[in-house]
Amino acid sequence: MAETTPRPPSPRAPSPRARWAVPGVVAVAVAAAVGVPALASADADLPDVTAEQLLTRVAEAGPAPVQGTVVYTARLGLPELPVSEMTGADPLALLGGSSTLRVWSDGADRSRVSLLGATSEYSVVRDGAEAWTYSSTDDEAVHYALDAADQARYDALAERVRPGAEVPGGADLPTPEQAAAQLLAHAEEDADVTVDRPTTVAGRDAYQLVVSPTDDATLVSRVVVAVDAETSAPLRVQVWATQDGEAPSLEVGFTDVAFTAPDDTVLAFSAPAGATTEEVVVPLPDAPDAAAALPGAGTVPEGVAVSGSGWSTVVTLSDVDVAGLVGGDAASLGTVPGAERLLGSEEAQDLIQEFVPQDDEGRPTGPQLDTGALYDQLTTAVPEGRLLSSTLLSVLVTEDGRVLVGSVPADALRAAA
Amino acid sequence: MSLAEAPAAPPVPAPAPVAWLRLLRSELRLVLGRRRNQVLLAGLALVPVLLGTVLALTRDSALSGQGPSFVGQVTGNGLFLVVAALFLCLPFLLPLCIGIASGDAVAGEAGAGTLRYLLVVPVPRTRLLTVKAVAALVFAACAVLAVAVTGLVVGALYFGLHDVTLLSGSTVPVGEGVLRVAGIVAYVALSLTGLVAVGLFFSTLTEVPVGAMAATVVVAIVSTVLDSLPQVSAIHPGLLTHHWFDFAEFLRVQVDYGVLGQGLAVQAAWVALFGSLAWARFTTADITS
Amino acid sequence: MTSPAEVPGTGGADDGLAVRTAGLTKRFRSGQVAVDGVDLRVPRGAVYGFLGPNGSGKTTTIRMLLGLARPTGGRAWLLGAAMPDEATRVLPRVGALVEGPAFHPYLSGRANLARLDAGDATADPRTARRRAEAALDRVGLGAAAAKPYRQYSLGMKQRLGLAAALLQPRDLLVLDEPTNGLDPQGTREVRHLVRELADAGTTVLVSSHLLAEIEQVCTHVGIMSRGHLLLQGERAALTERGAARLVVTTRATQVTAAVEVLAGVGLTEVAPPDGIPHPARVDGPVRITAALGPTPPEKVSAALVHAGIDLLGLEVVRPNLEQLFVELTGEGFDVAR
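Protein chains in written order, with the working numbering: chain A, 1 to 417; chain B, 418 to 706; chain C, 707 to 1043.
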């Protein structure tokens, strides 16, 4: 049993120092896995284009099937809203922070947009003139539809714009080149339109169109639109403020996108069993009204005054019952000039409903959110009244019931009041 | 007398995988056979029972329809009891159980002194650590399954299983619904692997198992708190708990596996980092207990 | 620190030594040196008493021997294999009881042994049950095998620890304080077990802070104090080395004469009994002690008889290990630092 011959030394196990190097290497590898993709999204290498060429391509491309994930980020410099991320998918979340949306569109008249909450979802599904919204938090579906007569008119209109059909007055419609040239000319009245270095958005090469206001009075430094090099679809819009050169104040862009037709099960919708369902009949505006309803279409509603021009325009609304609005009094909405017209749009109505939650009898309730407190938190007192100031927009509510809004510094509003 | 007779040749060890499996079987018997751990699993299984009973009793009262949507939907579809119970257990109860099991893994043996006897048997330290890690992971899976299986049974008994209304408002047949809920259970279980690795690392640092358990639970809580602070939003995507509730992805009309993959990749990073830290610590530490 | 390469005949060679260390040192992070340059040499087949007071560094040395702690200096070999690098290869042949028994309190003695056996890659699972029963019987725990460990008495726990060390045939047993918590009967049984194992050829390294308990079974002894190995070697040779004393019993009336005789034959440190003998017992027996030195005892007895002193008794007292320790360190053995 005695072993007298010397044994060759066995391979020594790694020293303690070598062992502790392993987690170090792992940490570096993890850091690299996180960091490298960020570094890799370097500038894309694309042939040069002019702003006009780029706009022409966008106009030519038109809507196409698309599905993907959109992240919306607002850095408006507002005080933090007392809205936890856990309260669910709520359009109010769009005011601050970051939101994620899923978008599906067949490129024609069917689409679905879902605002994602941690464990909730707010969906808007459109199919032609019909639309559904569904909130998983309340298990509530709202169905927006035209009445029978309007539906017939809509179908007729839709038939006329169907591909291949003769477009009425088609000769009057500008070609993509003309449209682009007109748009560019209009934009260049008070801004410089340039093409910046190409970039990468959602893993795709993209051109960047930059619109920089020439007006020093505005809070907007520039608007940057990233356009997909292949499909010419806009992939991202950034609005930069003069006050913040670090990051865009508003950003909406795809983080993940595919230009393929979505699955039919995604675009189809019917009210789920057991959900509360509300039917809303939306009137189809008459043709002349439709033109008037477009914002900026010429006529200004009574009680609204516009001063300044271009990017530094200030809009003044008179005789608004701000206190009532803040208190959640739905009737006070009527004091907002043009409110009835604003409310004609589905989106606005949704928004109003989300801002002013209602109980079963339609009375406004607000257990989740104290709008009065929110108002106090967002605004600051100034001699003229109360001021909300963000990196892109200033709002001044004066003691005498006027509301001044403009993408100008707060001081400019106070001077205008 | 024969016991003391010295063998002429050195004993031949079994192949490493065989030895590893034999030790794992012993470890699993130890972990799952331990009364305390059985009580923990039973406690977790009680959550869906209580939740289902409360919802069944209050379903027609004013209290119904509160909380996250799938809690409100339980009364209409027992399948949601699984989701609702996991949702309720995920922030605290599951991390607590994971913390106890993984924090106890090495520190418990060190505290009892049994660690030194295992090591002089000898059990190679790397083998012991991997067996401990696998046993802790198995316990985590059992914890999630305890909630899920009782949730399914209680939900089916109280409310029946029906077609599933997704968060997106679409409805899928009950068969697909069960598959989606199974996906949720799997994702939740995998989401806990990072915490198991953290617990295992703490467990190698101390001889006081309670300390390692508490530290592990605190890590989960601190991670949740950080996740709710917008000021540190830059680090949110890497937080241990940030992607835990992404299991909701299984309840959307089109499951984005990229989102789920990202959540699992974060867990994998935590497992790699704290697993290697635990290994470096455990294979170099002096056993002083 | 001595590099092992500079020590002749080391580097994995067996040397006929079951345990060997070269300059083994453990410095704790606190800066305290628990073990300082210890060179243990435990021959194969020996029963090596590793002795020293509590806190003298015995347990830390044993932890390093078994690969539980990493030496900050020096090296160690068990059965010719370098520790801790070759631990996996050599430890199956080593049974150990380290710093008291430790088992899962809610498992039975038998289940605890099964647990340890499951960790041993060299153990045959088919014989696990049989080997566990045999080990339990051997330490007298056969009847309590199914009881949970938490219900065991201290002595039963110690026996279970021994049973764990005896699960497999071993070449070397390292028993750290195996008699702790045992009653005199249990201590005797452990001694008996150690002797039995040694007779069968197993090398035993047994540590204790209670010298008397294991002194009798040791063939070799190493004495630790304050991190140093004060001395080691065969027990007989060590105790021989110590100063023997002569104890002479005579009548009280003859004390003065006897002291003179003893001093006359060259004995030193001659100490007469304390005080004056009781008047009523002036001729009662008294004891005089003296350091024997090189003088043969028979020469002393002859001188005393020749001087007409009534020699009621004459005894040569060899020092035991404890006295040797006190002699070496000048302090009591049971004093913890």
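Where is the CB? At the ideal position from N, CA and C, for every residue including glycine.
Just confirm the distance between the C-beta atoms of V1023 (chain C) and V953 (chain C), as a whole number of angstroms; I'd bet it's less than 8 Å. As a first step, residue 1023 (chain C) must be located in the third sequence, where it is residue number 317. As a first step, residue 953 (chain C) must be located in the third sequence, where it is residue number 247. V1023 (chain C) to V953 (chain C), Cβ: 6 Å. Contact.
Bridge partners - R993 (chain C), DSSP secondary structure assignment: Residue 993 (chain C) sits at position 287 when you count from the first residue of the third sequence. When beta bridges are read from the DSSP output, R993 (chain C) appears opposite C:T955.
Ends of the alpha helix (DSSP H) at V570 (chain B)? Locating residue 570 (chain B) in the second sequence gives position 153, counting from the first residue. Note, V570 (chain B): alpha helix (DSSP H), R542 to F576.
How about L730 (chain C) and A782 (chain C): do their beta carbons lie closer than 8 Å? As a position in the third sequence, residue 730 (chain C) is number 24, starting the count at 1. As a position in the third sequence, residue 782 (chain C) is number 76, starting the count at 1. Yes.
I'd like to know whether the C-beta of F269 (chain A) is nearer than 8 Å to at least one C-beta of chain B. Position 269 of the first sequence holds residue 269 (chain A). Closer than 8 Å: yes.
Quick one, which of C:G786, C:D882, C:Q938 and C:N760 has its alpha-carbon nearest L911 (chain C)'s? Sequence index remark: in the third sequence, residue 911 (chain C) carries index 205 (1-based). When each option's Cα is compared against that of L911 (chain C), the closest is C:D882.
Compute the beta-carbon to beta-carbon distance between G253 (chain A) and V70 (chain A), rounded to the nearest angstrom, for a pair I have assumed lies under 8 Å. The residue given as residue 253 (chain A) occupies position 253 in the first sequence. The residue given as residue 70 (chain A) occupies position 70 in the first sequence. Indeed they touch by this definition, with Cβ atoms about 7 Å apart.
So which residues of chain B does V142 (chain A) contact, with C-beta pairs closer than 7 Å? Mapped onto the first sequence, residue 142 (chain A) falls at position 142. Neighbours of V142 (chain A) on chain B: none; closest Cβ ~11 Å, over 7 Å.
Under 8 Å between beta-carbons, which chain B residues line up against L822 (chain C)? List them in chain order, please. Translated into the one-based positions of the third sequence, residue 822 (chain C) becomes position 116. Ordered by position in chain B, the residues that pass the 8 Å Cβ test against L822 (chain C) are Y534, L535 and V538.
Along chain B, in chain order, which residues have C-beta atoms closer than 9 Å to that of D263 (chain A)? Position 263 of the first sequence holds residue 263 (chain A). Near D263 (chain A) (Cβ distances below 9 Å), the residues of chain B are V670 and Q671.
Rounded to the nearest angstrom, what separates L668 (chain B) and G495 (chain B) at their Cα positions? Translated into positions along the second sequence, residue 668 (chain B) becomes position 251. Translated into positions along the second sequence, residue 495 (chain B) becomes position 78. Rounded to whole angstroms, L668 (chain B) to G495 (chain B) spans 15 Å at the Cα level.
Closest Cβ-Cβ distance between T531 (chain B) and chain C: below 8 Å? Here residue 531 (chain B) corresponds to residue number 114 of the second sequence, with the count starting at 1. So yes, T531 (chain B) belongs to the interface.
Please state if the CB of V900 (chain C) and the CB of L771 (chain C) are separated by a distance shorter than 8 Å. Sequence index remark: in the third sequence, residue 771 (chain C) carries index 65 (1-based). Sequence index remark: in the third sequence, residue 900 (chain C) carries index 194 (1-based). Not closer than 8 Å, so no.
Please go through the same chain and pick out, in chain order, the residues whose beta-carbon is closer than 7 Å to the beta-carbon of A502 (chain B), but skip the five residues on each side of it. Your numbering for residue 502 (chain B) matches position 85 in the second sequence. Apart from the 5 residues on each side of it in sequence, A502 (chain B) sits with its Cβ closer than 7 Å to the Cβ of V464, P465, L468, V564 and G568 in its chain, given in chain order.
Have a look at A148 (chain A) and V672 (chain B) and give me their C-alpha separation to the nearest angstrom. Numbered from 1 along the first sequence, position 148 holds the residue referred to as residue 148 (chain A). Numbered from 1 along the second sequence, position 255 holds the residue referred to as residue 672 (chain B). Roughly 36 Å between the two C-alpha positions.
So that I know if they touch, is there some Cβ in chain B lying closer than 8 Å to that of R799 (chain C)? Indexing the third sequence from 1 puts residue 799 (chain C) at position 93. Answer yes: the Cβ-Cβ gap between R799 (chain C) and chain B drops below 8 Å somewhere.
Beta-bridge pairing of Y144 (chain A) - partner residues as DSSP gives them: Your numbering for residue 144 (chain A) matches position 144 in the first sequence. DSSP, once it has assigned bridges, lists A:A131 and A:V280 as partnering Y144 (chain A).
Starting from the C-beta of L267 (chain A), find all residues in its chain whose C-beta is less than 8 Å away, skip the five residues before and the five after it, and write them out in chain order. For this step, residue 267 (chain A) is matched to residue 267 along the first sequence. Contacts found: W104, D106, R110, S111, R112, V125 and D127.
Report the three-state DSSP secondary structure of P811 (chain C) (helix, strand or coil). Counting from 1 along the third sequence, the entry for residue 811 (chain C) is found at position 105. When DSSP states are grouped into helix, strand and coil, P811 (chain C) belongs to the coil group.
Taking only the alpha-carbon atoms, compute the straight-line gap between L219 (chain A) and T242 (chain A) and give it to the nearest angstrom. By 1-based counting over the first sequence, the position of residue 219 (chain A) is 219. By 1-based counting over the first sequence, the position of residue 242 (chain A) is 242. Taking the straight line from one Cα to the other gives about 6 Å.
For the candidate residues A:S389, A:V382 and A:E52, whose alpha-carbon lies nearest to that of Q178 (chain A)? Within the first sequence, residue 178 (chain A) is the residue found at index 178, counting from 1. The shortest C-alpha separation from Q178 (chain A) is found at A:E52.
Which value, in whole angstroms, describes the spacing of the CA atoms of A755 (chain C) and S859 (chain C)? For the purposes of this step, residue 755 (chain C) is taken as residue 49 along the third sequence, with counting starting at 1. For the purposes of this step, residue 859 (chain C) is taken as residue 153 along the third sequence, with counting starting at 1. Before going on, a small fix: residue 755 (chain C) reads as Gly here, not Ala. Cα to Cα, the separation comes out at about 26 Å.
Which residues, taken in chain order from the segment 426-440 of chain B, show a beta carbon closer than 7 Å to some beta carbon of chain C? P427, P428, V429, P430, A431, A436, R439 and L440
Using a Cβ-Cβ cutoff of less than 7 Å, which residues in the same chain neighbour E921 (chain C) once the five nearest sequence positions on both sides are dropped? As a first step, residue 921 (chain C) is located in the third sequence; it is residue number 215 there, counting from the start. Answer for E921 (chain C): G755, N1026 and L1027, listed in chain order.
Is S123 (chain A) closer than 8 Å to G586 (chain B) when the C-beta atoms are compared? Along the second sequence, one-based indexing puts residue 586 (chain B) at 169. Along the first sequence, one-based indexing puts residue 123 (chain A) at 123. Yes, the Cβ-Cβ distance between G586 (chain B) and S123 (chain A) is below 8 Å.
Determine contact between the segment 693-706 of chain B and the segment 742-761 of chain C, defined as no fewer than three beta-carbon pairs at a distance below 8 Å. no
Residues, ordered as in the chain, of the segment 446-471 of chain B that lie near chain E by beta-carbon distance below 8 Å: The structure shown has no chain E; the protein chains it does contain are A, B and C.
Leaving out the 5 sequence neighbours to the left and right, which residues in its chain are closer than 7 Å to T277 (chain A) when beta-carbon positions are compared? The sequence position of residue 277 (chain A) within the first sequence is 277, counting from 1. Contacts found: A141, H143 and A271.
Got a sec: is the Cβ-Cβ distance from Q679 (chain B) to anything in chain A below 8 Å? Looking up residue 679 (chain B) in the second sequence gives position 262. Answer no: the Cβ-Cβ gap between Q679 (chain B) and chain A never drops below 8 Å.
Step through the CB atoms of chain B and report whether any lies within less than 8 Å of the CB of P759 (chain C). To locate residue 759 (chain C), count along the third sequence from 1; it is residue 53. Output row for P759 (chain C): interface = no.
Alpha-carbon to alpha-carbon, L116 (chain A) and P432 (chain B): Counted from its first residue, the second sequence places residue 432 (chain B) at position 15. Counted from its first residue, the first sequence places residue 116 (chain A) at position 116. If I take the Cα positions, the gap works out to 52 Å.
Can you list, in chain order, the residues of its chain with a C-beta nearer than 7 Å to that of L656 (chain B)? Leave out the 5 residues immediately preceding and following it. On the second sequence, position 239 is the one that residue 656 (chain B) refers to. Around L656 (chain B): S640, L643 and D644.
Cβ-Cβ distance between W437 (chain B) and R542 (chain B) below 8 Å: On the second sequence, position 20 is the one that residue 437 (chain B) refers to. On the second sequence, position 125 is the one that residue 542 (chain B) refers to. It is not a contact, given that the beta carbons lie outside the stated cut-off.
Using a Cβ cut-off of 9 Å, pull out every chain B residue sitting near D127 (chain A), in sequence order please. For the purposes of this step, residue 127 (chain A) is identified with residue 127 of the first sequence, where counting begins at 1. Within chain B, no residue comes near D127 (chain A); the closest Cβ sits about 13 Å away, beyond 9 Å.
Specify whether the segment 845-860 of chain C and the segment 798-811 of chain C touch according to this definition: at least 3 beta carbon pairs, one from each stretch, less than 8 Å apart. yes
Whole angstroms are fine: how far does the CA of R386 (chain A) sit from the CA of V314 (chain A)? The residue given as residue 314 (chain A) occupies position 314 in the first sequence. The residue given as residue 386 (chain A) occupies position 386 in the first sequence. Rounded to whole angstroms, V314 (chain A) and R386 (chain A) show a C-alpha spacing of 17 Å.
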